[in-house]
Structures are given as structure tokens and as C-alpha cells.
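K.L.:
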Amino acid sequence: MSHPPHHQDAAHAALRRVRREGRWWWLQARHARRIWRVALLVAVLLFVALALLRRPLANWFWNEPQIEQLLDQGDRALAAGRLSAADGSGAREWYQAALALDGDRSQARTGLARTAQAALQQAREAVEAGDLDAARVALALARELQVPQRDADQLAQQLQHRGNAHAGIAVLLGRAEAALQAHRLDQDADSALPLFQQVLAVAPNQLRALEGREDALSDLLLQARNACQAGALATAARLLDRARGYDPGHVDLPQSQAQFNTALEQALGRADRDLARGRTEAALAGYREVAAAVPAHPRAVAGLRQLADRQARQATRLAGDFRFQQATQALDTAAAIDPQAPSLAAARGAIEQARHAQQALRTPRSSRSKAELQDLLERFQHAQERGDWLLPPGRSAFDALRAAQAVAPADPAVLAAAHQLLPILVACFDDELRRNRVRAAGDCLQAWQALAAHDNDLGEARRRLGRRWLALGSERLGAGDARYAREALQQARALGVPGSEIEPLQARLRDAATLQR
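Quick note: my numbering has the sequence shown finishing at residue 524, numbered continuously throughout.
1) Using 8 Å for Cβ pairs, my map puts Asp197 next to Ala186. What's the rounded Cβ distance?
2) Go to Arg277, then tell me how far its alpha helix (DSSP H) extends in each direction, as first and last residue.
3) Look at the alpha carbon of Leu180 and the alpha carbon of Ala519, and state the distance between them as a whole number of angstroms.
4) If contacts are defined as beta-carbon pairs under 8 Å, then Ala390 and Ser403 qualify, I think. What distance do you get, rounded to the angstrom?
5) Indicate the three-state DSSP secondary structure (helix, strand or coil) for Ser350 in the structure shown.
6) Which one of Gln427, Ala309 and Leu227 has the shortest CA to CA distance from Ala243?
7) Can Ala420 and Cys435 be called in contact, C-beta distance under 9 Å?
8) Is Ala448 helix, strand or coil by DSSP?
9) Going by alpha carbons, who is nearest to Gln264 out of Arg280, Ala299 and Leu246?
10) Helix, strand or coil: how does DSSP classify Gly394 here?
11) I need the straight-line Cα distance from Arg375 to Arg444, nearest angstrom please.
12) Who are the Cβ neighbours of Arg393 in its own chain at under 8 Å, not counting the five residues just before and after it?
13) Quick check on Gln266: buried or exposed, where buried means 16 or more other Cβ atoms within 10 Å of its Cβ?
14) Between Val301, Asp462 and Glu359, which lies nearest to Pro430 when the distance is taken from Cα to Cα?
15) Roughly how many angstroms lie between the CA atoms of Arg286 and Gln318, to the nearest whole one?
16) Does the CB of Gln388 have a neighbour CB from chain C at under 9 Å?
17) Straight-line CA distance for Arg295 to Ala223?
18) Look up Asp109 in the DSSP assignment and say whether it is helix, strand or coil.
19) If you draw a straight line from the C-alpha of Asn233 to the C-alpha of Ala300, how long is it?
20) Can Ala410 and Ile358 be called in contact, C-beta distance under 9 Å?
21) With distance defined between alpha-carbon atoms, name the residue in Thr335, Ala98 and Leu383 nearest to Ala361.
22) Grouping DSSP H, G and I as helix and E and B as strand, with all else coil, what is Pro430?
23) Looking only at C-alpha atoms, which of Ala93, Gln103 and Asp94 sits nearest to Gly81?
24) Identify, in the order they occur along the chain, each residue of the same chain with its Cβ nearer than 6 Å to the Cβ of Arg182, setting aside the five sequence neighbours on each side.
25) Is the beta carbon of Arg493 sitting closer than 9 Å to the one on Ala309?
26) Taking Cβ positions, are Phe387 and Ala415 nearer each other than 9 Å?
27) For the alpha helix (DSSP H) that Asn463 lies in, which residues bound it at each end?
28) Let me know the secondary structure DSSP gives Pro211 once reduced to three states.
29) Can you grab the Cα-Cα spacing for the pair Ala270 / Arg220, in whole Å?
30) Judging by CA-CA distance, which residue of Ala136, Ala163 and Glu100 is the nearest neighbour of Leu119?
31) Measure the alpha-carbon distance for Leu383 versus Ala290 and round it to whole angstroms.
32) On a Cα-Cα basis, can you pick out the residue from Pro505, Ala499 and Arg490 that is closest to Arg517?
33) Tell me whether the beta-carbon of Ala513 lies closer than 9 Å to the beta-carbon of Leu472.
34) In whole angstroms, give me the CA-to-CA distance for Arg324 and Leu229.
35) May I ask you to report which of helix, strand or coil DSSP gives Ala315?
36) In whole angstroms, what is the alpha-carbon distance linking Gln456 and Leu465?
Structure, rendered in C-alpha cells:
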């Protein structure tokens, strides 16, 4: 039986589809089998690699972060000064742990070397501080970590010497504490403070020595304050200086110094009042007490200078009356008060000139050298023509006139020359004072006083010069020249300027001296 044509076509199409689809599945299956073979081979190779490289990979994944952490802990412990600790928190333990994980790690070896050097430095510092036990521990650690042998031996030798010195500390402490109990504070080398100082020189942190020195200094400063209350300023100053030498930061020192300064000001105030009231002996004693306590105190120096100037002026007046014995005594007193007073030279010259004048008066007129007198008057005239009134020394008109007065003080020509020179000296004084040349003005004033000691205008001229000294001293003090200001103050006092006018500059000098301490 035959089939229709369309049925045959359909059957052929179905057969082709079956064949086509079956081939695809066969291709897929064949391709899948190839993939599995490759995957299996890769798996086998990976297994073999893991088996062979398991230790390096484990170290890479686990040890590397752990080592870095150990090194970091070691660095922190080293920076904090914890070099070694029994609980493992020291720098040495951290670095050694890192080195145990990786024996080739250079950072760990470097850390141990740094720890060794730090231990050596700690040992040095402990030796300096007197903590010998800590020094021995640190040195032992440094040796364990293999510091250079030479450095370790040198420090060990220092430690031995310091240990030998410490052996006598107990004896010194006993002697020092016994001296403190006996109130022997600073009399000699076997007193409390010198002995405590010997202990602290060896062991600066020795607690018993520090406390003992503190107690001894408190007692010493109490003695200084008692001396201030008793007016023994020199003793108080000595005690304060000794205490400051032992411990400039002692807690009682500022109070004691303030009490001393107050007592000093009170003594100066009393001396100034005694001087103003003419109580010379009391003023001299007061100024000398202050000068013994503070030798360079400006007010004490100025007060003594003024007392010396008073005695020098008294010597000049006595010499003018030919009372040479009393004049010499007054001059000796002035020199004993202040050997450097400028007025001493003028007083000596006045006494010498008065002696010549007395000798000239006693010499008969017929025997006087008229030729000498004439020569002196001619020298006076020549110097006057040159304008050499006061300078140069020995060739001035003033020197020639004074020599002529010594030869014949009552000669009319000599009196006329003096009358002629006096207004010139007054004008010289005014001109130099106007130019602020106070030293030159002082020379003119001295010459004026020598020619006319009883001139009524001399007192006011002296005060004018003293005030000009004060003005210049105040100006120079503002520029920082305290030495000139002190000289100006002394000159003003010597020239008789009232104390109320002197006090402002004196106060400024005190303030400047306080700031310099």
C-alpha cells in the first residue's frame, strides 16, 4: 500500500530533526567529558601545590602580621623605658618573641641593640642619681644584650667607685644629724650643713640628707631674721649668703630676704635723718653698718662720702684759721670715712697753702723775695692774657695767684689780682654750668671758694651745681647709666642739696638695683 506524498515528507522532516538533535546531545556530552578531565587535572595539581607549600603559605598568612605586632609592641615599650619585665611586657621580651618567629628579621635584632644601649644609659643615669641598685640591674641587662665590652666595663668601674663612696654615707649622716641636734649649723667643716652637703654631693637624692639640710637651713634663716630684728645687718647678710649658697630655692629664703631688705631700709633711713640733723657719729655708725652688710650699697656709699666731704670742708676752714692740728685731725677723720673722696685732695692743698701763708706772714717784709713775688705776678698776667685761667695746672693764672698769696697775701698787687680774677671764676662757673659741663663747673667753683671762702653767693652756687648733677644723673639713669647716676647723687649730697630733692633719684636707683638682682 502506498502512502501519500505529504506523509512521506513529514516523516523525513521528523527523522532529520531526530538525527540533528541527537548529534547535538552527543557533542555536548563529549565536550562535557573533556571539561571534567581538565578540571580534575587542575584539582590534582592544586592539591599537590598546597601540600608542598603549606608551611610558607601559613607563615605568610599568619606569622607576618604577628611579627609586625610584636615589633610594634617592642618599640612602644622601648619608648616608654620598659626595657625588660618578668611578665613579658618589656622591650627585650617583645623583640625576642619576634626574633623567635623569624630568625632573619633585622628589625628585631636592631630593636635588641637599641634596648641594650638604652639599658646602658639607664645605668649611667642611675649612677649619677645615686641609685646604685637600679644601676646594677640596668648594667646587667646591658651586658646580657651584648653592649660593647669597653662601655660596660667603664660604667662598672664608676659604679664600684660610687659604691665605695656610699659606704661612708651612713657615717656622714650620723655626724650631720648629731651636729643638727647640737645646733651646730655652719660654724666649721664638722657642722650640719657642710656634712649634709658632702652626702648630697655623692647621693643627690638621699632623702635623709635632703630633709636634714632643709631643717638646718630653716634654723639658719631663723637666725638671720633674728639678727635683722637686733639690727645686726652684717651678721644677717652673712647668714643669708651662706643659706643661699646651700639652697637658693629654699622656701624660707624669700621671706628672710624681704625682712633683711626692710631692716636695711630702716637703718638707712635712721642714718639719713641723723646726717640731716647733724648727728655725725650716729650717722657714721649707721652707714658703716649698712656698708658692712652690703659693701656697694649706693646710699651707704653716698652717705659716707657726704660725711667725708663735711670733715674735709671742716679741715679747710680750720686751716684758714691756721688751726693746723685740728685741721689735720679733721682731714684724717675724712680719710678714715672714705679714702676715695675727691674732697680730700682739695683739703690737703688748702692746708698746705695755709701753712705757706702763715709762714709768709711770719717772715719779715724785708726778707721776702720781691723778685719771686714779681715773677709770680708776671706769670699771672701772662696767663691772663692767654686766657689760661684754671688750666693747664701749674701754668694757669689761678695757680700763679695762689703762689703769690702764699708769698705775700696782704700785698696790694696780690689783692688786686685776686679782685680781678674772682669775677672771671664766677663767670667761668656760670658758663660751664650753662653747658652742663658739671665737672668743669666744679673746678671753677673750687677756685672761687679758694679765693673767697666767705663769699655769700657760694652756698647758692653749690646748690645750683648739685641740682644740675641731679638732673644729669636722672637723664643718664634713664639711658641705663646707673654708675653716673650714683656719682651724681653723691655729688649732690656733698654740695648740700636738700634731701627732699635728692630722694626721687635715690628711689629710682633703689628700684634699678632691685631689678638687677
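All C-beta atoms, glycine included, are put in the ideal place defined by N, C-alpha and C. From a predicted model like this one, the values you see are computed outputs, not experimental measurements.
P.N.:
With the structure as the only source:
1) Stepping through the sequence shown from its first residue, residue 197 is reached at position 190. Stepping through the sequence shown from its first residue, residue 186 is reached at position 179. Correct: roughly 7 Å between the Cβ atoms.
2) Taking the sequence shown and counting its residues from 1, one reaches residue 277 at position 270. Here the alpha helix (DSSP H) through Arg277 covers Leu260 to Ala283.
3) Counted from its first residue, the sequence shown places residue 180 at position 173. Counted from its first residue, the sequence shown places residue 519 at position 512. Their Cα atoms are separated by approximately 43 Å.
4) On the sequence shown, residue 390 is found 383 positions in, with the first residue counted as 1. On the sequence shown, residue 403 is found 396 positions in, with the first residue counted as 1. Ala390 to Ser403, Cβ: 6 Å. Contact.
5) Numbered from its first residue, the sequence shown carries residue 350 at position 343. Helix, per DSSP.
6) Taking the first residue of the sequence shown as position 1, residue 243 is located at position 236. Nearest C-alpha to Ala243: Leu227.
7) Residue 420 sits at position 413 when you count from the first residue of the sequence shown. Residue 435 sits at position 428 when you count from the first residue of the sequence shown. In terms of Cβ geometry, Ala420 and Cys435 do not form a close pair [threshold 9 Å].
8) By 1-based counting over the sequence shown, the position of residue 448 is 441. Note: Ala448 maps to helix in three-state DSSP.
9) Locating residue 264 in the sequence shown gives position 257, counting from the first residue. Comparing Cα positions, the closest option is Leu246.
10) Position 387 of the sequence shown, counting from 1, holds the residue named residue 394. Coil, per DSSP.
11) Taking the sequence shown and counting its residues from 1, the one referred to as residue 375 is at position 368. Taking the sequence shown and counting its residues from 1, the one referred to as residue 444 is at position 437. Only weak support exists for where Arg375 lies, its pLDDT of 48 falling under 50; the value from the coordinates is given anyway. Rounded to whole angstroms, Arg375 to Arg444 spans 40 Å at the Cα level.
12) As a first step, residue 393 is located in the sequence shown; it is residue number 386 there, counting from the start. Contacts found: none.
13) In the sequence shown, counting from the first residue as 1, residue 266 sits at position 259. Residue environment: Gln266 is assigned as buried (16 or more neighbouring CB atoms within 10 Å of its CB, all protein chains considered).
14) Here residue 430 refers to the residue found at position 423 of the sequence shown. Closest in alpha carbon position to Pro430, among Val301, Asp462 and Glu359, is Asp462.
15) Reading the sequence shown from its first residue, position 279 is the one you call residue 286. Reading the sequence shown from its first residue, position 311 is the one you call residue 318. Cα to Cα, the separation comes out at about 13 Å.
16) Of the protein chains in this structure there is only one, and it is not chain C.
17) Within the sequence shown, residue 295 is the residue found at index 288, counting from 1. Within the sequence shown, residue 223 is the residue found at index 216, counting from 1. If I take the Cα positions, the gap works out to 30 Å.
18) Here the question's residue 109 lines up with position 102 in the sequence shown. Here Asp109 sits in coil by DSSP.
19) Sequence index remark: in the sequence shown, residue 233 carries index 226 (1-based). Sequence index remark: in the sequence shown, residue 300 carries index 293 (1-based). Distance between the alpha carbons of Asn233 and Ala300 is about 15 Å.
20) Along the sequence shown, read from residue 1 onward, the residue named residue 410 stands at position 403. Along the sequence shown, read from residue 1 onward, the residue named residue 358 stands at position 351. Result no, Cβ atoms of Ala410 and Ile358 do not sit closer than 9 Å.
21) The count along the sequence shown starts at 1 and reaches residue 361 at position 354. The residue with the shortest Cα to Cα distance from Ala361 is Thr335.
22) Counting from 1 along the sequence shown, the entry for residue 430 is found at position 423. In the structure shown, Pro430 sits in a helix (DSSP, three-state: H, G or I).
23) Here residue 81 refers to the residue found at position 74 of the sequence shown. The residue with the shortest Cα to Cα distance from Gly81 is Gln103.
24) Reading the sequence shown from its first residue, position 175 is the one you call residue 182. If we look at Arg182 and ignore the five residues flanking it on each side, its Cβ neighbours are Leu202.
25) Translated into the one-based positions of the sequence shown, residue 493 becomes position 486. Translated into the one-based positions of the sequence shown, residue 309 becomes position 302. Yes, these two residues count as a Cβ contact at 9 Å.
26) By one-based count along the sequence shown, residue 387 stands at place 380. By one-based count along the sequence shown, residue 415 stands at place 408. Contact: no.
27) As a working note, residue 463 is residue 456 in the sequence shown. No alpha helix (DSSP H) holds Asn463; DSSP gives it neither H nor E.
28) If you number the sequence shown from 1, residue 211 lands on position 204. Coil.
29) One-based indexing of the sequence shown puts residue 270 at position 263. One-based indexing of the sequence shown puts residue 220 at position 213. In a straight line, the C-alpha of Ala270 is about 27 Å away from that of Arg220.
30) Residue numbering aside, residue 119 sits at position 112 when the sequence shown is read from its first letter. Checking every option, the nearest Cα to that of Leu119 belongs to Glu100.
31) Translated into the one-based positions of the sequence shown, residue 383 becomes position 376. Translated into the one-based positions of the sequence shown, residue 290 becomes position 283. Distance between the alpha carbons of Leu383 and Ala290 is about 45 Å.
32) Taking the first residue of the sequence shown as position 1, residue 517 is located at position 510. Here the closest residue by C-alpha is Arg490.
33) Your numbering for residue 513 matches position 506 in the sequence shown. Your numbering for residue 472 matches position 465 in the sequence shown. Before going further, note that residue 513 is Gln rather than Ala in the sequence given. Cβ atoms of Gln513 and Leu472: not closer than 9 Å.
34) Counted from its first residue, the sequence shown places residue 324 at position 317. Counted from its first residue, the sequence shown places residue 229 at position 222. Rounded to whole angstroms, Arg324 to Leu229 spans 50 Å at the Cα level.
35) Here the question's residue 315 lines up with position 308 in the sequence shown. In the structure shown, Ala315 sits in a helix (DSSP, three-state: H, G or I).
36) For the purposes of this step, residue 456 is taken as residue 449 along the sequence shown, with counting starting at 1. For the purposes of this step, residue 465 is taken as residue 458 along the sequence shown, with counting starting at 1. Approximately 7 Å, taken between the alpha carbons.
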